[in-house]
Amino acid sequence: MRLIEKPWIWAWVGTISIWLVIASLSGVSAGTEVLTAAASFGTFFVLVAIGQMLVITLGPGNVDLSIPACMTLASTVAMKVMNGSEAMLIPGFLIVVAIGLAIGTLNFALIILLRIPPIIATLSSSFLYLSTAIWYNRGLRVKPPEALADFATGKIGVVPLLAIAVLVLTVIMHFVLHRTYFGRSILAIGQNPKAAHLAGVPVERTRFMTYVLCAVLAAICGYFLAGFSGGAALNMGEEYLLMSIAVVVIGGTSVAGGFANLPGLWGAALFMFLLVTMLNTLGLSAGYRLIFTGAIIVAVIAISGKKR
Amino acid sequence: MSRFLTVNTMRTLLPALSLAAILAAIFYLQPRTMSYFGLNLLLNLAIPIALATIAQMFILCVNDLDLSLGAFVSLTACITATWLYDTPVLGVLALAGCVLAYAALGALIHLRNLPSIVVTLGMSFVWVGVAVLILPTPGGKAPEWIRALMTLKPALIPFPIIAAVVIAIIVHFGLMKSAAGVVLRGAGGNPLSVERAGWSLLRIKVTMYALSGFFGVLSGMALVGLTTSADANIAERYTLLSIAGAILGGSQFVGGRVSPIGAVIGAVTLLLTGSFLSFLRLNPDWQIGAQGAILILVLALRVLIDRSDKRS
Chain W
912 MRLIEKPWIW AWVGTISIWL VIASLSGVSA GTEVLTAAAS FGTFFVLVAI
962 GQMLVITLGP GNVDLSIPAC MTLASTVAMK VMNGSEAMLI PGFLIVVAIG
1012 LAIGTLNFAL IILLRIPPII ATLSSSFLYL STAIWYNRGL RVKPPEALAD
1062 FATGKIGVVP LLAIAVLVLT VIMHFVLHRT YFGRSILAIG QNPKAAHLAG
1112 VPVERTRFMT YVLCAVLAAI CGYFLAGFSG GAALNMGEEY LLMSIAVVVI
1162 GGTSVAGGFA NLPGLWGAAL FMFLLVTMLN TLGLSAGYRL IFTGAIIVAV
1212 IAISGKKR
Chain Z
454 MSRFLTVNTM RTLLPALSLA AILAAIFYLQ PRTMSYFGLN LLLNLAIPIA
504 LATIAQMFIL CVNDLDLSLG AFVSLTACIT ATWLYDTPVL GVLALAGCVL
554 AYAALGALIH LRNLPSIVVT LGMSFVWVGV AVLILPTPGG KAPEWIRALM
604 TLKPALIPFP IIAAVVIAII VHFGLMKSAA GVVLRGAGGN PLSVERAGWS
654 LLRIKVTMYA LSGFFGVLSG MALVGLTTSA DANIAERYTL LSIAGAILGG
704 SQFVGGRVSP IGAVIGAVTL LLTGSFLSFL RLNPDWQIGA QGAILILVLA
754 LRVLIDRSDK RS
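Sequences listed follow chains W and Z, in order. This note's numbering applies: residue 912 is where the first sequence begins, and numbers increase by one. This note's numbering applies: residue 454 is where the second sequence begins, and numbers increase by one.
Right under this line is the structure:
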């Protein structure tokens, strides 16, 4: 396959062109700083988008709308339990993973037991998670342990530590998706669930593991995001609903399922951050920024879409 | 099971029964609501929510999902409270433009074969952006005639009930009983056969999106008539409310299976759920959660009904 035909190429072309615009407007050194910021924020987008991508790849109708609520609940509980104590870092992390496991299991239980579309299942359950988070901490912000904040905001040179960690995770997931039985099962189910079933792929077990993995990644993202931004807040997950889906689609993963790629996630995550930064640099008011953000997302999707 | 209580009638009755149950619970908890004035207060916001749910239902009917509806209703509310009040001609043109924009969206989604979820998520930014430009800070005024219409006090039956019934019946006859309605719904049920029979899928999709936009505009206008002012996020919750309401009312995600009467009932049920929970003096922390739980409960009941269908 030629480079131009790779599904992820457009996200990277967009990222590079926007960066060039920013660099030409405000100079190369400012451009480097923007790139570091993009890597910091993009890391969180990629972390949730990996899970969302695997879920979307399962085929039409599969999407997890409970990601923001899952991030909020996991980080709220973890921050309160840790209460700023560094000795609790590992237990806090384990709690986050456990909450992710529980949420993923509950989501899938609703999907399979009530036989309702995942959109409605994860939407209804997200109300429950959000309520639990509100009840648990009444929206108070608890400071993260210092070590967690240091790690989440730490850098080697200009490269954020967390970005390196998630980059390693991306490479691992790339291997998992294309080389392991689990990953290939996801792709097979997305391409044709019936054929996958007849070929002996454990369809429901794979779907179950995918939803759980998505929830766990969202919970972990919430943990580090709370460390990054000085505590868990009730609305911390808000923008991640759109972002998780937009990053997956702009990254060249098929919304119809069956075809996924990881390089596109990074391209799309950086693209989304740089896009907002560019609109800020241009000095546009909030209204125009929103309009351009939306219009560019729709335009990118429309261009990458296939003609009927 | 008796002849009259077949699975099919139970499935149709489920939304109505849920509504009756929640209404009975409210009357029990707060008998004073059982009056003209009480019902008026209780159901006040039912009209804009029912209209938004109908708008969502048109999109569900062609197997799509609109995640921008709340933002769109907010925008039309802002236009109603500003331009339609100050310069009615400009206001009418802008609202017509909103409907056209929805129709264009339908064409775009069909022609490029795009996922409606992503396109509408992106468009929600655009709608909010335009709304912020039109009305940067909360304010505006409701046009007098809308205000007068929304505060009508007909004899005997409160206005929200009459309006809800009228909306349900009009859409029911338009979509479920007319020849054109059959074709429109058929495009959700089996697009291929509708196309083979000579109908243009593009025109059907554009029609459905335009209808959805039209009811979205009506929802925004009705909302301003009640609140008398607007802001750019006034109807944010309508996206989820409209999806949940339509599903509660028996609409399905695929196959063009929708029910306008059910959608209106579902919307009213969801609205009453909020009142019910506050009458219960439930901890406000659990309000959103309880709505999610009720949604799950009704869906579980539907599964039980479907199962007994298979058994018999």
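Don't be surprised by glycine CBs; every beta carbon is placed ideally from N, CA and C. Every value quoted in this text rests on a predicted model; they were computed, and no experiment measured them.
### Message
At the 9 Å Cβ level, is W/W921 part of the contact set with chain Z, yes or no?
### Response
Output row for W/W921: interface = no.
#### Entry: Distance between beta carbons of Z/G745 and W/S1036, contact taken as under 8 Å
Contact between W/S1036 and Z/G745 holds: CB atoms are separated by about 7 Å, below the 8 Å threshold.
### Task
Provide the residue span of the alpha helix (DSSP H) that contains Z/P613, from first to last.
Here the alpha helix (DSSP H) through Z/P613 covers 612 to 624.
### Task
Let me know the secondary structure DSSP gives Z/A633 once reduced to three states.
When secondary structure is reduced to three states using DSSP, Z/A633 falls in the helix class.
### Query
By the 10 Å Cβ neighbour count, where 16 or more other Cβ atoms means buried, how is Z/S761 classified, buried or exposed?
So Z/S761 ends up on the exposed side.
### Query
Distance, Cα to Cα, Z/G702 vs Z/P713?
Near 8 Å, if we compare the C-alpha coordinates of Z/P713 and Z/G702.
### Message
In the DSSP assignment, the alpha helix (DSSP H) including Z/T692 goes from what residue to what residue?
### Response
Taken as a continuous stretch (DSSP letters only), the alpha helix (DSSP H) holding Z/T692 covers 691 to 701.
### Query
In angstroms, rounded to a whole number, what distance separates the CA positions of W/M1183 and W/I1202?
Distance between the alpha carbons of W/M1183 and W/I1202 is about 14 Å.
### Message
Does any residue of chain Z have a CB that is nearer than 9 Å to the CB of W/A1206?
### Response
Taking 9 Å as the CB threshold, W/A1206 lines the interface with chain Z.
### Task
Indicate the three-state DSSP secondary structure (helix, strand or coil) for W/K1066 in the structure shown.
The answer is strand: DSSP assigns W/K1066 an E or B state.
### Residues of the region 725 to 743 of chain Z whose Cβ lies closer than 8 Å to any Cβ of chain W, in chain order
So the close ones are N736, D738, W739, Q740, I741, G742, A743.
### Query
Interface residues of chain W around Z/L518 at Cβ under 8 Å?
Under the 8 Å cutoff, chain W gives I1030.
### Task
Would you please verify whether the beta carbon of Z/A697 is less than 9 Å from any beta carbon of chain W?
Closer than 9 Å to some Cβ of chain W, the Cβ of Z/A697 qualifies, so yes.
### Task
Measure how close the beta-carbons of W/V1007 and W/A980 come, nearest whole angstrom, since I'm counting them as under 8 Å.
Between W/A980 and W/V1007 the Cβ distance is about 14 Å, and since that is not below 8 Å, they are no contact.
### Query
Under a Cβ-count criterion, where at least 16 other Cβ atoms within 10 Å of its own Cβ denotes burial, should Z/M603 be classed as buried or exposed?
Around the beta carbon of Z/M603, 16 or more other beta carbons lie within 10 angstroms, which makes this residue buried.
### Residues near Z/Y662 by beta carbon distance below 6 Å, same chain, minus five either side
Spatial neighbours of Z/Y662 in its own chain (CB-CB distance under 6 Å, excluding positions within 5 residues in sequence) are listed in chain order as Y555, A556, L558, G559.
### Query
Excluding the five sequence neighbours on either side, which residues of its own chain have a C-beta within less than 8 Å of the C-beta of Z/L476, listed in chain order?
The answer, listed in chain order, is L725.
### Task
Could you name the residues of the same chain whose beta carbon sits closer than 6 Å to that of Z/I599, not counting the 5 residues immediately before and after it, in chain order?
Short of 6 Å from the beta carbon of Z/I599, and not among the five residues preceding or following it, lie these beta carbons of its own chain, in chain order: M674, G678.
### Query
Between W/V945 and the rest of its own chain, which residues show a CB-CB distance below 6 Å, the 5 nearest in sequence each way excluded?
Exclusion of the five residues before and after W/V945 leaves I933, T1188 as the residues of its chain whose Cβ lies within less than 6 Å of its Cβ.
### Query
What does Z/A683 pair with, by DSSP beta-bridge criteria?
DSSP output for Z/A683 lists Z/G592 as bridge partner(s).
#### Entry: Buried/exposed call for Z/M487, threshold 16 Cβ in 10 Å
Exposed.
### Task
Within the same chain, show all residues whose beta-carbon is closer than 7 Å to that of Z/A469, passing over the 5 residues directly before and after it, in chain order.
Hits under 7 Å: I718.
### Message
On the DSSP bridge list, what partners appear for W/E1071?
### Response
Note that residue 1071 of chain W is Pro in the sequence shown here, rather than Glu. W/P1071 pairs with W/K1066.
### Query
Since W/L1002 is in the alpha helix (DSSP H), which residue starts that stretch and which ends it?
Correcting the residue type first, residue 1002 of chain W is Pro in the shown sequence and not Leu. Unbroken alpha helix (DSSP H) run through W/P1002: 1000 to 1024.
### Closer than 8 Å at the beta carbon, the chain Z residues around W/T1043
Result: G742.
### Message
If I follow the unbroken alpha helix (DSSP H) through W/N1048, where does it start and stop?
### Response
Run containing W/N1048: 1029 to 1048, per the alpha helix (DSSP H) assignment.
### Message
Would W/T1164 and W/P918 be called neighbours here (beta carbons separated by less than 9 Å)?
### Response
Yes. Within cutoff.
### Task
Using alpha carbons as the reference points, say which of Z/L482, Z/I749, Z/G715, Z/I687 lies closest to Z/V624.
Selected option, being the one with the closest Cα: Z/G715.
### Task
For the alpha helix (DSSP H) containing W/E1115, list its first residue and its last residue.
Start and end: 1114 to 1139.
### Query
For Z/V526, which residues in chain W fall below 7 Å Cβ to Cβ?
Chain order gives no chain W residues near Z/V526, where near means a beta carbon separation below 7 Å; the closest approach is about 16 Å.
### Query
Residues in its own chain within less than 8 Å of W/L1080 by CB, not counting five upstream and five downstream?
If we look at W/L1080 and ignore the five residues flanking it on each side, its Cβ neighbours are L958, I961.
### Touch test, the region 1159 to 1174 of chain W against the region 962 to 978 of chain W, Cβ-Cβ under 8 Å, three pairs minimum
Contact between the region 1159 to 1174 of chain W and the region 962 to 978 of chain W is present: three or more C-beta pairs spanning the two stretches fall below 8 Å.
### Message
Using CA atoms only, rank isn't needed, just tell me which of W/L1051, W/V1127, W/E916, W/I1214 is closest to W/A1144.
### Response
Of the listed residues, the one whose Cα sits closest to W/A1144 is W/L1051.
### Message
Would Z/V583 and Z/L528 qualify as a contact pair, given that the criterion is a beta-carbon distance under 9 Å?
### Response
Yes, Cβ-Cβ distance for Z/V583 and Z/L528 is below 9 Å.
### Task
Just the C-alpha distance for Z/L513 and Z/G639, rounded to the nearest angstrom, thanks.
Counting only the Cα atoms, Z/G639 lies some 12 Å from Z/L513.
#### Entry: W/E1057 versus W/G995 - alpha carbon distance
Spanning the two alpha carbons is a distance of roughly 7 Å.
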